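For the sequence shown, my numbering begins at 12 and goes up steadily by one. C-beta: ideal position from N, C-alpha, C; glycine also. Keep in mind the model is a prediction, meaning the values are calculated, not measured. What follows is a short report on a single structure.
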Amino acid sequence: MKKSILYTAFLGFAALFTACDEVSEGERYISLPQVETKRNVLLEDFTGQFCSNCPTAHATINSLKAQYGSSLIAVSVHATDVFGIMEGQYPTIVGLMQPEGNVYAAKWGASDLPTGIINRSGGLCNYDKWGTVVREALAKDTKVAIELSADTVPGKDSIAIAVELNPSAMVYGKLQLWITESNITALQQNGPNLDVNYVHNHVFRACVNGTWGEDVALQENVHQTLERGIRVKSNWVKENLSVVAFVYNDAEGVMQAAECEVK
12 MKKSILYTAF LGFAALFTAC DEVSEGERYI SLPQVETKRN VLLEDFTGQF CSNCPTAHAT
72 INSLKAQYGS SLIAVSVHAT DVFGIMEGQY PTIVGLMQPE GNVYAAKWGA SDLPTGIINR
132 SGGLCNYDKW GTVVREALAK DTKVAIELSA DTVPGKDSIA IAVELNPSAM VYGKLQLWIT
192 ESNITALQQN GPNLDVNYVH NHVFRACVNG TWGEDVALQE NVHQTLERGI RVKSNWVKEN
252 LSVVAFVYND AEGVMQAAEC EVK
């Protein structure tokens, strides 16, 4: 088998979520010299807590992470009503699936798990092919560098995110920001056994700027900074959170990705 806030508090934080057509303090453009960029690769692992073979795919990710380090950014996207458990679905069970997980799975046709897509290019592939595809993707050039930072806001249950985009050519696409969490103990079907103490890593938790991100139009060698934010949900452990950022379009897939821990 492959398988609801006080109004004033809202106002105080709304600026973190507002994107404007005008250039604001949260969106700055600075011309910079051309730089060479290091290519990172995004692996979206479609997985589920009732998928008996998915732990093997998780082990494959661990092996690839050991080999490629921060150049490989993996996100475990829990998906499908067959294999996934929606967050809040059961009062006594930790569910890890978000609504967006099913949206993404439907987009790529991921129904038989485990499966994954690398840099949103070339379609789905089985975990036994991930090593080859990741290696090939890492060898490709990229037109944009991403610098990423994420900090908790003192006195508020929120995260402030800063993204710096430095393109070496014109780039039209979308910037996607996700929250992921690691070290989550929750049940997982592991072969014939149900492991109630399985540790889940790189789990997709939320979108910061919409299911499909926000439009970006980048000029050659013109540096752009964007600031975004998100509230921390009560079931997240701040110390285990990371932010994933990537620039993509339908024609080229993911052009660059970055990941940072929340400080």
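A Cβ-Cβ separation of about 19 Å leaves A70 out of contact with A121 under the 8 Å criterion.
Residue pairing of A117 in beta bridges, as defined by DSSP: absent, with no partner found. Taken through DSSP and simplified to helix, strand or coil, Y183 comes out as strand. Secondary structure at S193: coil, using DSSP grouped into helix, strand and coil. Straight across, the Cα-Cα distance linking E192 with T143 is about 26 Å. Taking a contact to require three or more Cβ pairs closer than 8 Å, the stretch 160 to 167 and the stretch 214 to 229 do not qualify as touching. Looking from the CA of A156, the closest CA among N232, R242, Y101 and C62 belongs to N232. Boundaries cannot be given for N212, as no alpha helix (DSSP H) includes it and DSSP labels it neither H nor E. Assignment of beta-bridge partners to V258 by DSSP yields L186 and Q267. Nearest neighbour of G112 by Cα position, chosen from S245, I84 and V93, turns out to be V93.
Residue pairing of T58 in beta bridges, as defined by DSSP: H89.
By the C-beta density criterion, T58 is buried, having at least 16 other C-beta atoms within 10 angstroms.
Residue state for P66 is assigned as helix, using DSSP reduced to three classes. Comparing alpha carbon positions, the residue from N194, N208, I172 and M266 closest to T236 is I172. Just measuring C-alpha positions, the residue of Y79, T103, L53 and A269 sitting nearest G133 is L53. One Cα belongs to A150, the other to T103, and the distance between them is close to 45 Å.
Selection Y259, N51, V207 and N208 evaluated against Y79 yields N51 as nearest (Cα-Cα). The beta carbon of S253 is closer than 6 Å to those of T191, E270 and E272 in its chain, skipping five residues each way along the sequence. The Cβ atoms of L176 and L229 lie closer than 7 Å to each other. Taken through DSSP and simplified to helix, strand or coil, R146 comes out as helix. In this chain, N251 is not harboured by any beta strand (DSSP E), its DSSP state being neither H nor E. Nearest neighbour of C65 by Cα position, chosen from M97, S82, G202 and D226, turns out to be G202.
The C-alpha of C62 lies about 15 Å from the C-alpha of A116. Ranked by Cα distance from A85, the first of G106, Y138 and D123 is Y138. DSSP places S122 outside both helix and strand once states are collapsed to three, so it counts as coil. Here N130 carries a coil assignment [DSSP, helix/strand/coil].
Between V258 and M266, the gap from beta carbon to beta carbon is short of 7 Å. Note on geometry: alpha-carbon atoms of S179 and H234 lie some 9 Å from one another.
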